[in-house]
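A short write-up of the structure that comes next.
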Amino acid sequence: MDSIGKDCKELKSKYEACFNSWYSESFLKNKNGDISVCDPLFKEYQDCLNVALKKNKIPLRELNGDVSIETDNKQSAST
Numbered sequence: 007m008d009s010i011g012k013d014c015k016e017l018k019s020k021y022e023a024c025f026n027s028w029y030s031e032s033f034l035k036n037k038n039g040d041i042s043v044c045d046p047l048f049k050e051y052q053d054c055l056n057v058a059l060k061k062n063k064i065p066l067r068e069l070n071g072d073v074s075i076e077t078d079n080k081q082s083a084s085t
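Heads up: take any position in the sequence shown, counting from 1, add 6, and you land on this note's numbering.
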């Protein structure tokens, strides 16, 4: 999946490569690898995304808002 910001595509790829390496080489093998090695790449990508969100006039409050999941009361009552 591409990044929301065209300028962020390369940063996203670098961060994902770091994360995937950590995940496959440390996490899945129960090693004590520190995910913080990817923090600088994540921060750089996050900064780029914030610029892209502002440029495209996408308010952060919509992305950070609470998500409401509606349930069917009839189905819940019958179980």
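Yeah, the Cβ is synthetic: ideal placement off N, Cα and C, and Gly gets one too. Fair warning: this is a prediction, and the values are worked out from it, not measured in the lab.
Counted within 10 angstroms of its Cβ, other Cβ atoms place residue i as buried (16 or more) or exposed
i	result
L55	buried
L66	exposed
Beta-carbon proximity list for residue i, same chain, < 7 Å, skipping 5 on both sides
i	result
F25	C44
F48	Y21
D40	none
E50	L17
C14	Y51, C54, L55, A58
CA nearest to the CA of residue i, picked from the options
i	options	result
S95	S42, G39, S27, Q52	Summary: the structure shown does not reach residue 95, with the chain confined to residues 7 through 85, and so no result is reported for it.
Own chain partners of residue i with C-beta closer than 8 Å, once the 5 adjacent residues on each side are dropped
i	result
K63	none
Same chain, Cβ closer than 6 Å to residue i, neighbours up to 5 away in sequence not counted
i	result
E31	none
Exercise. Counting only runs that start and end within the segment 14-41, where is the alpha helix (DSSP H) found for 4 or more residues in a row?
Worked result: 15-28
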